[in-house]
Each structure stands twice: as structure tokens, then as C-alpha cells.
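Chemist:
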Amino acid sequence: QVRLVESGGGLVQPGGSLRLSCAASGGILSLFNVDWYRQTPGKQRELVARIMRDGTTNLAGSVTGRFTISRDSAKNTMSLQMNSLKSDDTAVYYCHAWLLQHYWGQGTQVTVSS
């Protein structure tokens, strides 16, 4: 059973930066495809960024040029560097690892506000 724990969320002003991390236990994260999703109240969970097992990355159009997804195999973690944050980025961010099964973290709140 893979367990995912997100960290790094918080309150930041518009234009600021945050770095989210997802730590995995019970499995090797680099063997999975991994994503960051986000969700705001009343809306469906939205795919933000993805890194495939082969290292290929994909970003949602709304975050391209501002967010970067990366993976650290040695630490068994995955990160989301978020720059030039906007109020629209406010959401709970979830780490998701998948292959034949799907695993989710508990989420971390990101609030972008002045």
C-alpha cells in the first residue's frame, strides 16, 4: 500500500512562490506515473501537472510557464514548484500516483491572497 503525504502549502501573496512536496512510503514513486491535482469547493478535481514513469512531463495550460513538476528518486518524493501565483491558483492540492492502482494524498491547502 502506497502512502502519499503532501507538504508545503500555505498562504502566499499574488506573484509569490510555493514549493509543494509529496513524500511516498510503501512504494517506489519512480515506478508510478504521478500527478498534482487541485480542487476548489464545488468544482471537480483538476489535473495540474503530470510526470510519467519515463520522465515525460505535462502541465495544464493555466499553469504552463509558472509551475514545474519534478521527481527525486533518491528521496522518493515528487515536487511542484509554483511561481507567479495567482488568486485562481487557490485550492487544495493533491498528490496522485497511479499505474494499475491509484493512490491519493490527503491534500495541502494553497491560498493566494493579499
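Sequence positions in the sequence shown follow my numbering and run 15 to 128.
Even glycine gets a Cβ: it sits at the ideal position worked out from N, Cα and C.
Taking the straight line between their C-alpha atoms, what separation do you get for residue 71 and residue 128?
Modeler: Within the sequence shown, residue 71 is the residue found at index 57, counting from 1. Within the sequence shown, residue 128 is the residue found at index 114, counting from 1. Distance between the alpha carbons of residue 71 and residue 128: 31 Å.
Chemist: Give me the Cα-Cα distance between residue 90 and residue 43, rounded to the nearest whole angstrom.
Modeler: As a working note, residue 90 is residue 76 in the sequence shown. As a working note, residue 43 is residue 29 in the sequence shown. If you take the alpha carbons of residue 90 and residue 43, they lie about 6 Å apart.
Chemist: Alpha carbon to alpha carbon, what distance is there between residue 121 and residue 65?
Modeler: Position 51 of the sequence shown holds residue 65. Position 107 of the sequence shown holds residue 121. Roughly 18 Å between the two C-alpha positions.
Chemist: Give the single residue among 98, 81, 67 and 15 whose Cα lies nearest to the Cα of residue 51.
Modeler: Position 37 of the sequence shown holds residue 51. Here the closest residue by C-alpha is 81.
Chemist: Taking residue 124 as the reference, give the member of 75, 109, 24 and 60 with the closest Cα.
Modeler: Counted from its first residue, the sequence shown places residue 124 at position 110. Checking every option, the nearest Cα to that of residue 124 belongs to 24.
Chemist: Less than 7 Å between C-beta atoms, sequence neighbours within five positions excluded: which residues of the same chain meet that for residue 61?
Modeler: Within the sequence shown, the letter at position 47 stands for residue 61. Correct list, in chain order: 49, 51 and 74.
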